[in-house]
Amino acid sequence: MAVIFQTNKKTGITYAYQNEPYWDKEKQQSRAKRTLIGKVDPVTGEIIPTRSYKKKPAPASSEVKPGPIPMTQVRRIFYGAGYLLDQIGKQTGVYAD
Numbered sequence: 003m004a005v006i007f008q009t010n011k012k013t014g015i016t017y018a019y020q021n022e023p024y025w026d027k028e029k030q031q032s033r034a035k036r037t038l039i040g041k042v043d044p045v046t047g048e049i050i051p052t053r054s055y056k057k058k059p060a061p062a063s064s065e066v067k068p069g070p071i072p073m074t075q076v077r078r079i080f081y082g083a084g085y086l087l088d089q090i091g092k093q094t095g096v097y098a099d
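Here is the structure:
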């Protein structure tokens, strides 16, 4: 990954891009995906980020998620939706709240 500098002819502002080359299988040519990093300060030559809200994604944390709760009893009973939600609340412990 390289940093490419490109100057806008109308405004004279130089922009810095992050260049990611890749191979296009269909056209059998190398292509480049460019992502804007920011403007280049003409006095100091330092890159000023234009979008601070678009930061590089942080690596995904490997948190252990709880697994499914096994069913101990399976029945098929036809009742109203209120009764069904009451029973689910009693089994999960939410009904007591």
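Each residue of the sequence shown is one higher than the one before, counting from 3 in the working numbering. In this text, a Cβ means the ideal position worked out from N, Cα and C, and glycines have one as well.
With Val-42 and Tyr-24 assumed to form a contact (beta carbons below 8 angstroms), what rounded beta-carbon distance in angstroms separates them? Along the sequence shown, one-based indexing puts residue 42 at 40. Along the sequence shown, one-based indexing puts residue 24 at 22. Actually they do not touch by this definition, with Cβ atoms about 25 angstroms apart.
In the DSSP assignment, the beta strand (DSSP E) including Thr-37 goes from what residue to what residue? Here residue 37 corresponds to residue number 35 of the sequence shown, with the count starting at 1. Counting along the chain, the beta strand (DSSP E) containing Thr-37 begins and ends at 31–42.
Among Gln-31, Glu-65, Lys-29, Pro-44, nearest to Thr-13 - alpha-carbon criterion: Stepping through the sequence shown from its first residue, residue 13 is reached at position 11. Checking every option, the nearest Cα to that of Thr-13 belongs to Pro-44.
Ile-2 - DSSP class collapsed to helix/strand/coil: The requested residue 2 is not part of the displayed model; the chain covers only 3 to 99.
Range covered by the beta strand (DSSP E) that runs through Ala-83: Position 81 of the sequence shown, counted from the first residue, corresponds to residue 83. Per DSSP, Ala-83 belongs to no beta strand (DSSP E); it is in the alpha helix (DSSP H), 83–94.
According to DSSP, simplified to helix, strand and coil, what is Glu-65? Along the sequence shown, one-based indexing puts residue 65 at 63. Three-state result, Glu-65: coil.
Find the nearest neighbour of Ile-15 within the set Asp-88, Ile-50, Thr-74, Pro-68, judged by alpha-carbon distance. In the sequence shown, the residue the question calls residue 15 occupies position 13. Comparing Cα positions, the closest option is Ile-50.
Mind checking who Asn-21 pairs with in its DSSP beta bridge? Taking the sequence shown and counting its residues from 1, one reaches residue 21 at position 19. Looking at the DSSP assignment, Asn-21 forms a beta bridge with Ala-4, Arg-36.
In this structure, how does DSSP classify Thr-9 when only helix, strand and coil are distinguished? Position 7 of the sequence shown, counting from 1, holds the residue named residue 9. Strand.
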